[in-house]
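The structure appears below as structure tokens.
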Amino acid sequence: MDKKETMILKWLLAINATMFVIELFIGWLAQSTALIADSLDMFADAIVYGLALYAVGRSVRLKLRVAHLSGLIQVILALGALSEVLRRFIFGSEPVSTLMMSFGLVALIANIICLMLISKNKEGGAHMKASWIFSANDVIANLGVILAGFLVALTSSPYPDLVIGLIIGLIVLNGARRILRLES
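So that you can map any letter, position 129 of the sequence shown is 121 in our numbering, and since no number is skipped, the others follow by simple counting.
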């Protein structure tokens, strides 16, 4: 099982690290808090998968500690995303809806692949349960980015982007809470 977990986690790490870079750049270019929040979530996931790789084959106690560390990292990045939403609410932004929808879709496809990869191993320990929670949250966040892009296009307002960015930040915080409550 350890070799299979290692292979899956390496794929998850590669996909999330790549998507973090792409989404952060496009989010900045598109002035989209939803994309930026999602990119930070991808970054947190990449860190989590790296930590989970470290935990493969180790004791249950260490796996749990790694999962809890992952949850704390998620809290920090969620607070960063929420502060960006607040900053853009105060200072304004003009999100580019086509970029939001296009890259929200790319991220959705990437996260569905991640979810499929990990779904058969989500009971493999706290580190794998945490990884599954992250991937499931990401699919929800990606759908939110696509919806925000559509609503920005429909209304010519930045508020749908801000609302979805806020929701993504809260989803990430909730995922962190769930992970911090894992016991095995």
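Glycine residues also receive a C-beta, built at the ideal position from the N, C-alpha and C atoms.
Three-state secondary structure assigned by DSSP to residue i
i	result
residue 66	helix
residue 148	coil
residue 76	helix
residue 141	helix
residue 84	coil
residue 114	coil
For residue i, the first and last residue of its enclosing alpha helix (DSSP H)
i	result
residue 152	151 to 172
residue 49	First-last for residue 49: undefined, no H or E at that position.
residue 2	-6 to 22
residue 94	89 to 111
Inter-residue Cα distance where the pair is residue i and residue j
i	j	result
residue 122	residue 42	12 Å
residue 9	residue 149	30 Å
residue 179	residue 53	Shown here, the chain extends from -7 to 176; a query on residue 179 therefore has no answer.
residue 83	residue 115	44 Å
residue 44	residue 36	12 Å
residue 86	residue 151	10 Å
Beta-carbon contacts of residue i that lie in its chain and below 8 Å, excluding the five residues immediately before and after
i	result
residue 110	0, 4, 120, 123, 124, 127
residue 92	22, 24, 26, 27, 137, 138, 140, 141, 144, 153
residue 77	25, 29, 154, 157, 158, 161
residue 98	11, 14
Counted within 10 angstroms of its Cβ, other Cβ atoms place residue i as buried (16 or more) or exposed
i	result
residue -6	exposed
residue 6	exposed
residue 101	exposed
residue 75	exposed
residue 31	buried
residue 64	exposed
residue 169	exposed
residue 146	exposed
residue 17	exposed
residue 96	buried
residue 62	buried
Contacts around residue i, its chain only, beta-carbon distance under 7 Å, and the 5 residues preceding and following it disregarded
i	result
residue 136	26, 156, 159, 160
residue 103	127, 130, 131, 134
residue 47	54, 55, 58, 119
Same chain, Cβ closer than 6 Å to residue i, neighbours up to 5 away in sequence not counted
i	result
residue 106	4, 7, 127
residue 88	22
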